[in-house]
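Everything below concerns the one structure shown next.
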DNA sequence: ACAATTGTACTAATTGAGATAATACAATTA
DNA sequence: TAATTGTATTATCTCAATTAGTACAATTGT
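Protein chains in written order, with this note's numbering: chain C, 1 to 120; chain B, 1 to 120.
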């Protein structure tokens, strides 16, 4: 269900965050679905519970999930798959921008492209 | 000529790398142009020479520049391949923006992401 | 009522990448 | 020859990420 790359430069808690957002956007995780307990997921991924907790905390701060002591963590009831998909698409944009910048793309070039999608 | 942000999460050597690639791509640095010596640039940027050296090493490994002891570092005579890669990357950005817009992304949201790659 | 589960909070220790510091060497230039 | 240049090496420092350990409070299930 959840996969992380320990060799990646991206922090584990960030990978987990993206994992959950992706699963929601794909419809695998639906509103009110229960997420694995912090400890269980930590054990499953061979990762520290604090790391999972950090990801969950961020997900709750961004409205993707709701957590409560004793109950667990659940996908937000009001979260729409559309919103999650949009967030995912925005992540893709960010990643491709990063690539382009690495290859010498300037802010002006990127702005021009961006404008093209709102004027044209 | 070169600017870095010491507060950025992005490593200095990576910022320098992108700086050079961008200047080459923009035509400011042309083939066979001389780059600042490692020590000079390090002093100018208040940065360790090793950090500049690391950036130069990567740039040479990727074919952007040619370095030689005693002579200095110069923009590679042929950089056409890199320019082609940039164009491809820009096309990817455009495609992903299109996806995001169709999912409800606003221009403001995209601008914020774009800024993030040039400020943060 | 009780035990297990759960999210959360906290401090301390560890790890690794990035950066600095200092020095040295070899090739080139003037 | 003396200065400049890229490169290499080793050691040290810094900081975010992660681990480790413990504890607490609310909920669940029996």
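Cβ atoms here follow ideal geometry from the backbone N, Cα and C, with glycine treated the same way.
For residue 125 of chain C and residue 78 of chain C, I'd like the C-alpha separation in whole angstroms. Residue 125 of chain C is absent from the model: chain C starts at 1 and stops at 120.
Tell me whether the beta-carbon of residue 4 of chain B lies closer than 8 Å to the beta-carbon of residue 16 of chain B. Residue numbering aside, residue 4 of chain B sits at position 4 when the second chain is read from its first letter. Residue numbering aside, residue 16 of chain B sits at position 16 when the second chain is read from its first letter. Yes, these two residues count as a Cβ contact at 8 Å.
Is residue 47 of chain C closer than 8 Å to residue 38 of chain C when the C-beta atoms are compared? One-based indexing of the first chain puts residue 38 of chain C at position 38. One-based indexing of the first chain puts residue 47 of chain C at position 47. Result no, Cβ atoms of residue 38 of chain C and residue 47 of chain C do not sit closer than 8 Å.
Would you mind reading off the limits of the alpha helix (DSSP H) that contains residue 26 of chain C? Taking the first chain and counting its residues from 1, the one referred to as residue 26 of chain C is at position 26. Per DSSP, residue 26 of chain C belongs to no alpha helix (DSSP H) and is neither H nor E.
Measuring CB to CB, does residue 121 of chain C end up less than 8 Å from residue 63 of chain C? Summary: the structure shown does not reach residue 121 of chain C, with chain C confined to residues 1 through 120, and so no result is reported for it.
Do residue 35 of chain B and residue 65 of chain B have their C-beta atoms closer together than 8 Å? By one-based count along the second chain, residue 35 of chain B stands at place 35. By one-based count along the second chain, residue 65 of chain B stands at place 65. It is a contact, given that the beta carbons lie within the stated cut-off.
Interface flag, residue 15 of chain B vs chain C, CB-CB below 8 Å: Here residue 15 of chain B refers to the residue found at position 15 of the second chain. It does not; no Cβ of chain C falls within 8 Å.
May I ask you to report which of helix, strand or coil DSSP gives residue 75 of chain C? By one-based count along the first chain, residue 75 of chain C stands at place 75. In the structure shown, residue 75 of chain C sits in a strand (DSSP, three-state: E or B).
Exposed or buried, what is residue 40 of chain B when buried is set at 16 or more other beta-carbons lying within 10 Å of its beta-carbon? The residue you call residue 40 of chain B lines up with position 40 of the second chain. Residue 40 of chain B should be labelled exposed.
Quick check for students: name the residue ranges of the alpha helix (DSSP H) that lie wholly in the region 47-92 of chain B, counting only runs of 4 or more. 49-61
Chain B residues whose Cβ lies nearer than 7 Å to that of residue 98 of chain C: Counting from one through the first chain, the residue named residue 98 of chain C turns up at place 98. Neighbours of residue 98 of chain C on chain B, chain order: 117.
From the DSSP output, in three-state form, read off residue 107 of chain C for me. One-based indexing of the first chain puts residue 107 of chain C at position 107. Helix, per DSSP.
Interface partners of residue 29 of chain C on chain B, CB under 9 Å: To locate residue 29 of chain C, count along the first chain from 1; it is residue 29. The premise fails here: residue 29 of chain C is roughly 18 Å from chain B at the closest Cβ pair, so nothing lies under 9 Å.
Nearest residue (CA-CA) to residue 32 of chain C, options C:96, C:116 and C:68: Here residue 32 of chain C refers to the residue found at position 32 when the first chain is read from its first residue. Looking at the Cα atoms, C:68 is the closest of the given residues.
Can you pull the chain C neighbours of residue 113 of chain B, defined as C-beta to C-beta under 8 Å? On the second chain, position 113 is the one that residue 113 of chain B refers to. Simply 90, 93, 94 and 97.
Who are the Cβ neighbours of residue 86 of chain B in its own chain at under 7 Å, not counting the five residues just before and after it? Along the second chain, one-based indexing puts residue 86 of chain B at 86. Excluding sequence neighbours, residue 86 of chain B sits near 25.
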